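J.: FYI, the numbering for the sequence shown is 3 to 443, going by the numbering used here. Think of the CB as a built atom: it goes at the ideal place given N, C-alpha and C, for glycine as much as any other residue. Since the structure is predicted, the reported quantities are computational estimates derived from the model, not experimental observations.
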Amino acid sequence: MPTTNSLLYARHLEQRSQQVDQALSQLGFDALLIHSGRPHKRLFDDQHPPFRAHAPFVAMVPLPFAADCLLEFRVGRCPRLWFCQPEDFWHLPPAQPEDWWADAIEIEAVDDPEGWAHCFDSQRALAVIGDSSELGGLAVTATLNPPALLHRLAEDRTVKTAWERDCLHRANERAAQGHQAAAAAFESGAAELDIHLAYLAAVGQDQDELPYASIVALNEHAAVLHYQHRSAKAPTLSQSFLLDAGSDQHGYASDISRTWVGPNHAEFVALIHEMDALQLRLCDQMQSGCCFVDLHRQAHRELAGLLHRAGLVRMEPADLLAAGITCYFFPHGLGHFLGAQVHDVNGQVDPSGDPVPPPDTDPFLRLTRRLVAGNVVTVEPGLYFIPMLLERLRASSHGRHIDWSLVDHLMPCGGIRIEDNVLVTESEPINFTRQAFAGQA
Ligand code: GLY
Ligand code: MN
Ligand code: MN
């Protein structure tokens, strides 16, 4: 009896195989091989960073941690997976393929990482996606990473199949559990490291399995956009907490941010409420046909109103927006595509592959396209008190319009980011993250 998983996955692979067939035929290839990758040791060391399979492979096969596998597409044929199960007493060999996904694919087990190589010696018109150092002779005889094919496959990935939507939804449910546990740990005064461990325990995944390094930031650390440490020492006073952390579901990522504050900081409490309402208004605008650059600008317009209402900037919203003051408080982009990569592919090209760079004023905006149904995006406006940027603002001609005593009062709280994962549809957007949190209430 097929499960929901197996049906969704089989349809996903069928749809992607048809897209691959079309692309191969149009570009003059007979076959495509997608390699999963191989762990690489650090220089002069026998240790390697945590391994994750190449994303073009993960977007086809739910094996995000399988090394030395090869996925073979031939026009008109069922895809074949060369599944590497090396004989190894140092490591646990990969588990046997599970029926729910393996039934959709032809599987050839090999015990040698390049056990498949001899099969392609005389193959003509062969494209390969992978790292040249991992492909042996194929890197020379085949066409390696042809840009037009890479673009076509990446473009297909911008519109999620039902299987991918389900994975993204579940990755949100899993991460929401972790966020709740982390919030409770923050409220008990835990150190960043202990909050991180509480998150992992609740999610049931180790850091190496997560789609990106969790950002676990107490107090002023929240002003560091990609704060990379997790202090083992609890601060004397934990005033605020920003968590940006996701989870993995069969290779698909969630990417969620929340900000919490203790009850005694009324101004920061009010700011978080305002940011939450602002973020929800933006989520509602993730509509098919909208240009993400315009949505990013809308976020700045919204923030200008908030800075004015909060009394942080004593200028009319339109004037402070025109003066570029919001950029000192919100220096990153509104969001990005999400999928098998946390910053998923083709955010800055148009459907034909031509670059669509971000505006000069918004160099960190990762998504510059017009949205279509099936896109999954993050919506992550922020408001930060970043000393480096605020010093520049203070020194500028606009510095006199800022309430610096209020800034000083808020500075120890670092900043706010609220980030949801949203599916664009033909009608109303679907907010996977809010649904996940609501399901736990
Ligand atoms: N977690 C990284 C980001 O939000 O883009
Ligand atoms: Mn993000
Ligand atoms: Mn994030």
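For the region 418-437 against the region 363-378, are there 3 or more C-beta pairs whose distance is under 8 Å?
T.: Yes, the region 418-437 touches the region 363-378.
J.: Excluding the 5 residues flanking Gln287 on each side, which residues of the same chain have their C-beta closer than 7 Å to its C-beta?
T.: In the sequence shown, counting from the first residue as 1, residue 287 sits at position 285. If we look at Gln287 and ignore the five residues flanking it on each side, its Cβ neighbours are Leu297, Gln300.
J.: The alpha helix (DSSP H) spanning Phe339 covers which residue range?
T.: By one-based count along the sequence shown, residue 339 stands at place 337. Where Phe339 is concerned, there is no enclosing alpha helix (DSSP H), given that its DSSP letter is neither H nor E.
J.: With a threshold of 7 Å on Cβ separation, who are the neighbours of Ile449 within its own chain once the five nearest residues in sequence on each side are excluded?
T.: The shown model of the chain, from 3 to 443, leaves out residue 449, and the question about it has no answer.
J.: Assign Arg76 to one of two classes, buried (16 or more other C-beta atoms within 10 Å of its C-beta) or exposed (fewer than that).
T.: In the sequence shown, residue 76 corresponds to position 74, counting from 1. Arg76 comes out buried.
J.: Given a threshold of 16 other Cβ atoms within 10 Å of its Cβ, counted over all protein chains shown, does Ser240 qualify as buried or as exposed?
T.: If you number the sequence shown from 1, residue 240 lands on position 238. Answer is buried; the Cβ neighbour count reaches 16.
J.: Going residue by residue through the region 11-58, where are the continuous beta strand (DSSP E) segments of at least 3 residues, counting only ones entirely within it?
T.: Listed in chain order, they are 33-37.
J.: Measuring only the C-alpha atoms, how far is Leu308 from His171?
T.: Translated into positions along the sequence shown, residue 308 becomes position 306. Translated into positions along the sequence shown, residue 171 becomes position 169. Answer to the nearest angstrom: the Cα atoms are 31 Å apart.
J.: Output needed for Ala193: all residues of its chain with C-beta closer than 7 Å, excluding positions within five of it in sequence on either side, in chain order.
T.: Position 191 of the sequence shown, counted from the start, is the residue given in the question as residue 193. Hits under 7 Å: Ser233, Ala234, Lys235, Ala236.
J.: Taking three-plus beta-carbon pairs below 8 Å as touching, is the region 136-149 in contact with the region 31-46?
T.: A contact exists between the region 136-149 and the region 31-46.
J.: Considering Cα atoms alone, identify which of Asp32, His42, Asp113 is closest to Cys71.
T.: If you number the sequence shown from 1, residue 71 lands on position 69. That would be Asp113, whose Cα lies nearest to the Cα of Cys71.
J.: Would you check whether ligand 2 has a heavy atom nearer than 6 Å to the C-beta of Asp257?
T.: Start at 1 with the first residue of the sequence shown, and residue 257 comes out as number 255. Yes, since a heavy atom of ligand 2 falls inside the 6 Å radius drawn around the Cβ of Asp257.
J.: Report the start-end ranges of each beta strand (DSSP E) in the region 320-391 that is 3 residues or longer and not cut off at the edges.
T.: Segments of the beta strand (DSSP E) lying fully in the region 320-391: 378-381, 384-386.
J.: Using CA atoms only, rank isn't needed, just tell me which of Asp352, Asp246, His302 is closest to Ala320.
T.: Numbered from its first residue, the sequence shown carries residue 320 at position 318. Among Asp352, Asp246, His302, the Cα nearest to that of Ala320 belongs to His302.
J.: Taking 6 Å as the cut-off, does the CB of Asp246 come closer than this to any heavy atom belonging to ligand 1?
T.: Translated into positions along the sequence shown, residue 246 becomes position 244. Yes, the beta carbon of Asp246 sits closer than 6 Å to at least one heavy atom of ligand 1.
J.: For Tyr455, is the beta carbon positioned less than 6 Å from some heavy atom of ligand 1?
T.: The question about residue 455 has no answer, for the chain in this structure spans 3 to 443.
J.: What are the uninterrupted segments assigned as alpha helix (DSSP H) that are 4 or more residues long and contained completely in the region 161-241, given in chain order?
T.: Here the runs fully enclosed are 164-189, 194-205.
J.: Which of the three DSSP states is assigned to Cys86 in this structure?
T.: Here residue 86 refers to the residue found at position 84 of the sequence shown. The answer is strand: DSSP assigns Cys86 an E or B state.
J.: Name the residue from Ser124, Thr145, Ala127 whose alpha carbon lies nearest to the alpha carbon of Ser134.
T.: As a working note, residue 134 is residue 132 in the sequence shown. Nearest option by C-alpha distance: Thr145.
J.: With distances taken between CB atoms, is the gap from Ala183 to Ala200 smaller than 7 Å?
T.: Residue 183 sits at position 181 when you count from the first residue of the sequence shown. Residue 200 sits at position 198 when you count from the first residue of the sequence shown. Contact: yes.
J.: Kindly identify the DSSP beta-bridge partner or partners of Glu430.
T.: In the sequence shown, the residue the question calls residue 430 occupies position 428. Glu430 is not bridged to any residue.
J.: Measuring straight from C-alpha to C-alpha, what distance separates Gly335 and Arg79?
T.: Taking the first residue of the sequence shown as position 1, residue 335 is located at position 333. Taking the first residue of the sequence shown as position 1, residue 79 is located at position 77. About 42 Å.
J.: Express the C-alpha separation of Asn348 and Thr160 in angstroms, rounding to a whole number.
T.: As a first step, residue 160 must be located in the sequence shown, where it is residue number 158. As a first step, residue 348 must be located in the sequence shown, where it is residue number 346. So the alpha carbons of these two residues sit roughly 7 Å apart.
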